[in-house]
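Input: a single structure, listed below in structure tokens.
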Amino acid sequence: MHISFNTSPSGLNLNTGYGLAGYGIVTAMQRVGHVVTYKDPSAPVELAFCMPDASDWSNADAYHIQMTPWESTKLPWGWIENFNLADEVWATSQWVAELYKREGVTVPIRVYEHGIDPMWTPRRRKPGGKIKFLHVGEPAPRKNGQMAMEAFRDVFGNRTDVQLTIKAWENSTVRVYDRKHISILGRPQEVYNNVITRNDDCSEAEMVHIFHTHHALVYPSMGEGFGLIPLQALGTGMPTICTEAWAPYVRFLEPELSLGSVLVLSDHQNMHPGMFYLPNYEELKDAYLYTAENYNRLAGRAYRNSFKVHEEYDWSLLTNNALKEVVERFS
């Protein structure tokens, strides 16, 4: 089948999770035998992987599929009308699909979760004297890098047998404040002996190396359209501390590392209207400590589960399932 792929400039930027997902979609469709071209009016099917108000359809008569990840409990003004102009809508998780239906999407909705590239290979981890925690997601506020750092310090203080690495894209907003959060004392690595920040640009292969050389992911994100970063961690066999409410792969999270949350009003109503899931801070601290005290057992289970993660989140399998009815329609 011939498919036209339509996306925004960031939709194939491999330095971001959004771009990796877009690249994964295109290559998976090609791998299972479809011809995929970019904004091609000759294609009978067009997939727009972008915000629905940015879908620049190439052919008004093509079969239009709108795919948009989303993170908060409300949709921006005008999106519902744009969603309902498509022939069907693809959601990146069951949580997102239920949100779309609740908000008023009336066209058929299909769940097409992201897959994981085989390069995110399972790795059996042993701490070797130091457990290195990893947070990825700065400078996006909803990914809670500040919370991850403050909870780490509350639990471990100046202990040198643990380390937190904050991997940011271009820059990190995480800072050390005085006790009343009035003045800034500095960046974490300038104040603490066991927290470092990385702002360097990394290829996907370099990111795999960073994951392989760390022992646990800490990801207290308030909302994800899917959450590719925790899936990648799980695929490498990494114990993963993660907010439970939005996670489509919760079955692979350890109960002691799954964070409860409460709904709170988003601080950025223009960008993310509605509410987000604020992780429980005490549970985050407990998860840090539990990971440090039970690391070998957690790492063993995470390594065994990682093969199942790759099996269930194989891009080709997910893509064939998502396209099955469309292929039948146009065969």
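Take 8 as the starting number for the sequence shown in our numbering and just add one per residue. For each residue, glycine too, the CB sits at the ideal point set by N, CA and C.
query: How should G231 be labelled, buried or exposed, when 16 other C-beta atoms within 10 angstroms of its C-beta is the threshold for buried?
result: Reading off the sequence, residue 231 comes out as Glu, not Gly. Counting other Cβ atoms within 10 Å of its Cβ, E231 reaches 16 or more and is therefore classed as buried.
- request: For R336, count neighbouring C-beta atoms within 10 Å of its own C-beta (all shown protein chains included) and say buried if the count is 16 or more, exposed if not.
  value: Counting Cβ neighbours within 10 Å, R336 comes out exposed, since fewer than 16 surround it.
task: Reducing DSSP to helix, strand and coil, say where S323 ends up.
output: In the structure shown, S323 sits in a helix (DSSP, three-state: H, G or I).
- request: Identify every residue that forms a DSSP beta bridge with R205.
  value: In the DSSP assignment, R205 is bridged to K174.
- request: Could you have a look at E231 and say whether DSSP puts it in helix, strand or coil?
  value: Residue state, collapsed to three classes: coil.
field: Beta-carbon proximity of P195 to I203, cut-off 9 Å
entry: Yes, the Cβ-Cβ distance between P195 and I203 is below 9 Å.
- request: Quick one: measure Cβ to Cβ for V39 and F12, integer angstroms, because I've assumed they're closer than 8 Å.
  value: No, V39 and F12 are not in contact; Cβ-Cβ is about 14 Å, not under 8 Å.
task: Name the residue from A294, L272, K108, K46 whose alpha carbon lies nearest to the alpha carbon of E263.
output: It is A294.
query: Run through DSSP, which three-state label would A294 get?
result: Three-state result, A294: helix.
message: Give me the residue from E261, P286, F259, I123 with the minimum Cα distance to G267.
response: Selection E261, P286, F259, I123 evaluated against G267 yields P286 as nearest (Cα-Cα).
message: If distances are taken between C-alpha atoms only, which option among R131, E319, N301 comes closest to R258?
response: Of R131, E319, N301, the smallest CA-CA separation from R258 is found for E319.
query: For S15, which residues of its own chain have a beta-carbon under 6 Å away from its beta-carbon, when the five flanking residues on both sides are left out?
result: Excluding residues within five positions, the ones whose Cβ falls inside 6 Å are C57, A61.
task: Taking T250 as part of the beta strand (DSSP E), name the residues at either end of that continuous run.
output: Segment 247–250, the beta strand (DSSP E) holding T250.
task: Count the other C-beta atoms from every protein chain shown that fall within 10 angstroms of the C-beta of N200, then say buried if there are 16 or more, exposed otherwise.
output: Classification of N200: exposed, given that the 10 Å Cβ count is below 16.
message: Rounding to the nearest angstrom, what Cα-Cα distance links D321 and Y184 in this structure?
response: Rounded to whole angstroms, D321 to Y184 spans 43 Å at the Cα level.
C-alpha gap between Y284 and T250, whole angstroms: Rounded to the nearest whole angstrom, the CA to CA distance from Y284 to T250 is 8 Å.
- prompt: Where DSSP assigns a beta bridge to V271, which residues make up the other side?
  reply: Its beta-bridge partners are F283.
query: For S265, does the three-state DSSP call read helix, strand or coil?
result: Of the three classes helix, strand and coil, the one that applies to S265 here is strand, per DSSP.
query: Where do the ends of the beta strand (DSSP E) carrying Y226 lie?
result: Per DSSP, Y226 belongs to the beta strand (DSSP E) from 223–226.
query: Mind checking whether I116 and A98 have CB atoms under 9 Å apart?
result: Yes, Cβ-Cβ distance for I116 and A98 is below 9 Å.
query: Which full runs of the alpha helix (DSSP H) of 4+ residues lie inside the segment 20–69, going along the chain?
result: Correct list: 24–38.
- request: Kindly indicate which three-state DSSP category W102 falls into: helix, strand or coil?
  value: In the structure shown, the three-state DSSP call for W102 is helix.
task: To the nearest angstrom, report how far apart K174 and E145 are at their CA atoms.
output: In a straight line, the C-alpha of K174 is about 7 Å away from that of E145.
task: Tell me where the alpha helix (DSSP H) around N89 begins and ends.
output: From DSSP, the alpha helix (DSSP H) with N89 extends over 86–90.
query: Any idea what DSSP makes of Q276, helix, strand or coil?
result: Assigned with DSSP and collapsed to three states, Q276 falls in coil, not helix or strand.
- request: Determine the burial state of D68: buried for a count of at least 16 other Cβ atoms within 10 Å of its Cβ, exposed for fewer.
  value: By the 10 Å Cβ count, D68 comes out exposed.
- prompt: Can you pull the DSSP bridge partners for V112?
  reply: None; V112 has no bridge partner.
- prompt: How should T167 be labelled, buried or exposed, when 16 other C-beta atoms within 10 angstroms of its C-beta is the threshold for buried?
  reply: Looking at its Cβ environment, which holds fewer than 16 other Cβ atoms inside 10 Å, T167 is exposed.
query: Cα-Cα, which of S313, E78, F90, A158 is closest to Y288?
result: Sorting S313, E78, F90, A158 by C-alpha distance to the C-alpha of Y288 places A158 at the top.
field: Beta-carbon proximity list for L141, same chain, < 6 Å, skipping 5 on both sides
entry: Once the five neighbours on either side are set aside, the close Cβ partners of L141 are T172, H221, L224.
message: Quick check on N200: does DSSP put it in helix, strand or coil?
response: DSSP places N200 in the coil class of the three-state scheme, outside both helix and strand.
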